[in-house]
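Peer 1: In the working numbering, the protein residues as written are 2 to 220. Can you read through this structure? Questions will come right after.
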């Protein structure tokens with residue numbers, strides 16, 4: 002499968018196994034106490050072992066300080082760091098230099114003007130994640146199950162490397178691929194039966210839907 006797919010917010014061996022069995026290129030572990038997907042670094046380190054040689058293990062943080070990142074990197078040994086807060090390009094560069102790991106920066110999108118926010122991160126972040134802006138009053142920067150207008154992405158500079166996130170699930174992934182043709186997808190709440198509770202059946206359904214969509218494009 003040429004398309005990169007990240008299953009994020011994993012907390013159990015069963016969910017990790019289902020993601021890998023489906024063909025995930027990336028498995029994400031979230032370190033943010035307010036999230037129902039929050040996990041301890043030591044536990045993430047145990048779970049990520051299954052991904053060795055099969056998928057990138059991504060540590061997702063929100064405005065984490067160096068001490069927090071030190072603990073996560075030491076315990077988990079991630080392949081990539083994802084910064085999902087208000088981190089500046091300077092902070093992204095500092096994190097890359099400190100840990101010598103690739104960094105993915107999340108950008109929240111609601112309208113066309115928001116796409117301008119990714120420009121300063123070009124050449125600094127190794128990859129971008131374009132997520133829907135959270136609903137007003139939401140405590141979580143991601144994983145809220147809402148989508149933005151994917152037609153906005155037609156304005157992106159050709160060759161922009163990003164994962165499309167926010168409200169993607171088995172029912173709408175074909176539409177997302179048709180409209181945006183993203184290089185990759187990120188899904189979390191779209192494969193859950195309750196907030197923070199991954200469903201192995203929904204994970205399998207998601208990958209099946211992606212494959213059906215890809216087969217339809219080739220037909």
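Ideal Cβ placement from N, Cα and C applies to all residues, glycine included.
Please return the same chain residues whose Cβ sits closer than 6 angstroms to the Cβ of residue 2, not counting the five positions on each side in sequence.
Peer 2: Any answer about residue 2 is weak, because its pLDDT of 46 lies below 50 and its placement is not dependable; what the coordinates show is given next. Result list for residue 2: 24, in chain order.
Peer 1: Can you tell me the Cβ-Cβ gap for residue 73 and residue 103, rounded? I've got them flagged as a contact below 8 angstroms.
Peer 2: Wrong, their Cβ atoms sit about 15 angstroms apart, outside the cutoff.
Peer 1: Suppose contacts are defined by Cβ-Cβ distances below 8 angstroms. Is residue 184 in contact with residue 37 by that definition?
Peer 2: Their beta carbons are not under 8 angstroms apart, which means residue 184 does not touch residue 37 by this criterion.
Peer 1: With a threshold of 8 angstroms on Cβ separation, who are the neighbours of residue 13 within its own chain once the five nearest residues in sequence on each side are excluded?
Peer 2: So the list reads 48, 199, once near-sequence residues are dropped.
Peer 1: Classify residue 62: buried if its beta carbon has 16 or more other beta carbons within 10 angstroms, exposed otherwise.
Peer 2: Its Cβ being crowded by 16 or more others within 10 Å, residue 62 is buried.
Peer 1: Quickly, what does DSSP pair residue 193 with across the bridge? List them, please.
Peer 2: In DSSP, residue 193 forms a bridge with 199.
Peer 1: Considering just the uninterrupted stretch of the alpha helix (DSSP H) at residue 97, what are its terminal residues?
Peer 2: Segment 90-100, the alpha helix (DSSP H) holding residue 97.
Peer 1: Given a cut-off of 8 angstroms, decide if residue 60 and residue 32 are closer than it, judged by their beta-carbon atoms.
Peer 2: Cβ atoms of residue 32 and residue 60: closer than 8 angstroms.
Peer 1: For residue 66, does the count of other Cβ atoms within 10 angstroms reach 16, so buried, or fall short, so exposed?
Peer 2: Residue 66 should be labelled exposed.
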